[in-house]
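Colleague: Start counting at 1 in the sequence shown, then tack on 10, and there's your number in the numbering used here.
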Amino acid sequence: MIHTWRSQLASLTSYFPGVLVCMVIALAATFVSEHYGGPQLLYALLIGLAFHFLHSHPQAAKGIGFCGRVVLRVGVALLGARITFSQVAQLGLETAAVIVLAVLLTIGLGVLLARWLKCSRDEGLLSGSAVAICGASAALAVSSVLPQTKENERFTLLAVVGVTVLSTLAMVVYPFSLQAIGLLPGQAGIVLGGSIHDVAQVVAAGMMLGPQAGDTATVVKLFRVMMLMPVVLAVAVMYRKHPAVKVPETEVPLVPGFLLAFVVLVMLASAGLISPPLVQLAGDASRWMLVTAIAAAGVKTSFEDLLKLGWKPVAMLVTETVFIVAFVVAAVLLLRLGGA
């Protein structure tokens, strides 16, 4: 009995060095972001890359892998606590339909671009989902149900860098551009929420145009985040039935546990069973876990490996980003959405 207890304790403590490395990197990224500005996830990734030499260290490898898998999935699941069905009802049927169509078309464009550029289907799904749904969080969530190959790990990291940089640029450029073409605050909010990748940057961009634009952008963005669950589930089922890459040691579950947790949290939040302080706590915990997971992904990837991916992934991300904003702007103008 005592021997079993000691062996279990030793097994748990073996995770500690790697987890500590990732948490310290996440703390450093948070400090830099809060004191000097800039995207927290991008800082975590870049600092993580600088500590790549630790990825194969016998004492750190186990904990780093744990952060890249388990912590990531818990962080994605906790996103569900901030989403309710009443938020979807606020959008109206036409706006919701436009956002759903924008998400699906952008993911489809990603797959087509991957085929045209002779990249793998995995890369098209990753880039399309990252741009279509919620940036780095979507890239990480989709990658967690793809075959766990070195190529996919490298592309996931590049997708995170790409969507973070593009989202930051969009946060600065889009508000003034939408004002210049004469969109009303409600219309601009739909465009910002329907096209910018990261939630925090959507809120910031919306608030630049006033409370109405900020509130509308936030609700639209949370609706896009809600689509993370069905998209990841569809990808998981697709790869279970028709795997593009044979990876014997990787068994993709029919319904990943973190997606079930995501759905349960959405239902609880919709029923009003999660108090506002708990929603805030879940949101903060989710953000922290995703930053820690990105730090782990950075440690596991070398900068040289990222450079080997070349220009094609960047071209895919830029094309998808331009497409989704152009589509949403066109839909808002043609259907006169958000004009009241």
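Note that beta-carbon positions come from the ideal geometry of N, C-alpha and C, so glycine has one too.
1. I need the straight-line Cα distance from residue 163 to residue 149, nearest angstrom please.
2. From what residue to what residue does the alpha helix (DSSP H) around residue 172 run?
3. Express the C-alpha separation of residue 59 and residue 29 in angstroms, rounding to a whole number.
4. How about residue 155 and residue 273: are their beta carbons less than 8 Å apart?
5. Tell me which same chain residues have a C-beta within less than 6 Å of the C-beta of residue 248, skipping the five on either side of it?
6. Residue 277 to residue 245, Cα distance in whole Å?
7. Between 153, 210 and 194, which lies nearest to residue 10 when the distance is taken from Cα to Cα?
8. What's the call for residue 250, buried or exposed, on a 16-neighbour Cβ count within 10 Å?
9. I'd like the list of long-range same chain contacts for residue 212, defined as Cβ closer than 7 Å, with 5 residues on each side in sequence excluded.
10. Beta carbon of residue 305, beta carbon of residue 54: below 8 Å?
11. What's the C-alpha gap between residue 309 and residue 65?
12. At a cut of 8 Å, does the segment 94-102 reach the segment 165-173 through at least three beta carbon pairs?
13. With C-beta atoms as the reference, is residue 153 less than 8 Å away from residue 136?
14. Whole angstroms is fine: what's the gap from residue 24's alpha carbon to residue 117's?
15. Would you mind sorting residue 133 into buried or exposed? The rule is 16 or more other CB atoms within 10 Å of its CB.
16. Pairing CB atoms from the segment 322-336 with CB atoms from the segment 108-123, are three or more of them under 8 Å?
17. Quick check: the Cα distance between residue 160 and residue 344, rounded to an integer number of angstroms?
18. Counting pairs of beta carbons, one from the segment 75-88 and one from the segment 290-301, are three or more of them closer than 8 Å?
19. Assuming residue 298 is part of the alpha helix (DSSP H), what are its boundary residues?
20. Would you mind giving the Cβ-Cβ distance between residue 36 and residue 302, rounded to the nearest angstrom? I have them listed as a contact below 8 Å.
21. To the nearest angstrom, report how far apart residue 49 and residue 323 are at their CA atoms.
22. Where do the ends of the alpha helix (DSSP H) carrying residue 108 lie?
23. Flag this pair as yes or no: are the beta carbons of residue 145 and residue 177 separated by less than 8 Å?
24. Where does residue 323 fall in DSSP's three states?
25. Can you tell me whether residue 241 is helix, strand or coil according to DSSP?
26. Rounded to a whole number of angstroms, what is the C-alpha to C-alpha distance between residue 83 and residue 166?
27. Within 10 Å of its beta-carbon, does residue 197 have 16 or more other beta-carbons around it, so buried, or fewer, so exposed?
28. Where does residue 66 sit, in a helix, a strand or coil, going by DSSP?
29. Compute the distance between the beta-carbons of residue 32 and residue 77, then report whether it is under 8 Å.
30. Which of the three DSSP states is assigned to residue 348 in this structure?
31. For residue 279, I'd like the list of residues in its chain whose CB is within less than 8 Å of its CB, leaving aside the five on either flank, ordered along the chain.
32. Drop a sphere of 10 angstroms on the beta-carbon of residue 283, count the other beta-carbons inside from all chains shown, and report buried for 16 or more, exposed for fewer.
Modeller: Here's the rundown:
1. 10 Å
2. 160-190
3. 16 Å
4. No, these two residues do not count as a Cβ contact at 8 Å.
5. none
6. Rounded to the nearest whole angstrom, the C-alpha separation of residue 277 and residue 245 is 22 Å.
7. With the chain represented from 11 up to 350, any question about residue 10 goes unanswered, as that position is not in the structure.
8. So residue 250 counts as exposed.
9. 202, 203, 206, 227, 228 and 231
10. By the CB criterion at 8 Å, residue 305 and residue 54 fall inside the cutoff.
11. 6 Å
12. The segment 94-102 is not in contact with the segment 165-173.
13. yes
14. Taking the straight line joining both Cα atoms gives about 39 Å.
15. buried
16. Contact between the segment 322-336 and the segment 108-123 is present: 3 or more CB-CB pairs across the two stretches fall below 8 Å.
17. 44 Å
18. yes
19. Annotation: the continuous alpha helix (DSSP H) that includes residue 298 extends over 286-310.
20. 4 Å
21. 21 Å
22. Taken as a continuous stretch (DSSP letters only), the alpha helix (DSSP H) holding residue 108 covers 103-126.
23. yes
24. helix
25. helix
26. Those two C-alpha atoms are separated by around 15 Å.
27. buried
28. Coil.
29. In this structure, residue 77 lies closer than 8 Å to residue 32 by Cβ.
30. coil
31. 90, 91, 92, 93, 94 and 289
32. exposed
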